[in-house]
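Letter 87 of the sequence shown, counting from 1, is numbered 326 in our numbering, and no numbers are missing.
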Amino acid sequence: MEKVKVFILDDHAVFCEALSSLLTVKGDVDVVGTAANAEDAFKGVERLNPDIVLIDIEMKNIDGIHATRMIKEKFPNTEVIVLTMHTEEQYLIDSINAGAKGYILKDFPSSFLLEAIKSVSKGESLLDPKSSNKVLREFRQLLRKKKRSTGNGRGLSQREIEILRLIAEGNTNKEIGKRLYLSIHTVRNHIANIFLKLNCNSRTRAIVEGHKRGLI
240 MEKVKVFILD
250 DHAVFCEALS
260 SLLTVKGDVD
270 VVGTAANAED
280 AFKGVERLNP
290 DIVLIDIEMK
300 NIDGIHATRM
310 IKEKFPNTEV
320 IVLTMHTEEQ
330 YLIDSINAGA
340 KGYILKDFPS
350 SFLLEAIKSV
360 SKGESLLDPK
370 SSNKVLREFR
380 QLLRKKKRST
390 GNGRGLSQRE
400 IEILRLIAEG
410 NTNKEIGKRL
420 YLSIHTVRNH
430 IANIFLKLNC
440 NSRTRAIVEG
450 HKRGLI
């Protein structure tokens, strides 16, 4: 059986080395390379053509979510699993929107990570139980939502529609600010107005409502 080729992107060298050794010993995995920053990772992925890249979120220069999006754009046949300590829902949603096929917390056992690698290599997606519950809870809230706001979104300004579309593409507030030359504070104010006008309280719901109204 051919081993799954894995590349690790994490700015903690000791963690990279330990994880590389662990995956090599315990699973049908061939760790073809590691990198401490996104720039080196892009070069490594291009040269080594891994099946899967394991990515941490919090890194210097380019964060893991942005790196995920860039890898999927440059190397569409390479899948991404986010491996992180961040439990916040927004990181999870942003990672999925950026193209990640897996989201695993670092406090889960290595056996679960190996399961995720195998699943993703077969074209499936896998979230750890904590993350799965968050996604399910979000969709349950959407299903239970009986009262929908009226109108087709004409209340949104052109700038708000533009920001809503960038949110749907998986951009973070910081990335939206850079794209539109706006401060983080201004972006947050626009998003708050979008939520108010669409009667939403999360990015996921705003995206769903935007699709329903033909804004995205």
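In this text, a Cβ means the ideal position worked out from N, Cα and C, and glycines have one as well.
On a predicted model such as this, the values are computed, not experimentally measured, just so you know.
Burial state of residue i (16 or more Cβ within 10 Å)
i	result
Ser349	exposed
Ala431	exposed
Leu435	exposed
Asp279	exposed
Gly303	buried
Asp346	exposed
Min CB distance residue i to chain D below 8 Å
i	result
Glu241	No chain D is present in this structure, which holds just one protein chain.
Supposed close pair residue i, residue j - CB separation, criterion 8 Å
i	j	result
Glu318	Asp290	7 Å
Phe246	Gly266	That belief does not hold up - the Cβ atoms of Phe246 and Gly266 are roughly 15 Å apart, past 8 Å.
Asp456	Leu322	Here the chain has residues from 240 to 455 only, and residue 456 is not among them.
Thr263	Val270	6 Å
Identity of the residues DSSP links to residue i by a beta bridge
i	result
Asp269	Lys244
Val292	Phe246 and Val319
Gly341	Ile320 and Leu365
Ala274	Leu248
Close Cβ partners of residue i (< 8 Å) along its chain, the five nearest in sequence each way excluded
i	result
Lys357	Val243, Gly266 and Asp267
Ile415	Ile402, Leu405, Ile406, Leu421 and Val426
Asn231	Residue 231 is absent from the model: the chain starts at 240 and stops at 455.
Lys299	Asp250 and Asn276
Arg308	Ala337, Gly338 and Gly409
Ile423	Asn412, Lys413 and Gly416
Gln329	Arg442
Beta-carbon contacts of residue i that lie in its chain and below 6 Å, excluding the five residues immediately before and after
i	result
Leu365	Gly341, Ala355 and Ser358
Ala257	none
Leu288	It should be pointed out that residue 288 corresponds to Asn in this sequence rather than to Leu. Once the five neighbours on either side are set aside, Asn288 has no close Cβ partner at all.
Ile400	Leu454
Leu352	Ile343
Leu395	Lys436
Met324	Lys345
Ala274	Leu248, Ala280 and Gly283
Contacts around residue i, its chain only, beta-carbon distance under 7 Å, and the 5 residues preceding and following it disregarded
i	result
Glu448	Leu437 and Cys439
Val284	Phe246, Val292, Ile310, Phe314 and Thr317
Ala445	Leu403, Ile406, Ile433, Phe434, Leu437 and Cys439
Asp333	Ile304, Gly409 and Thr411
Lys361	none
Ile489	This structure cannot speak to residue 489, because the chain is shown only from 240 to 455.
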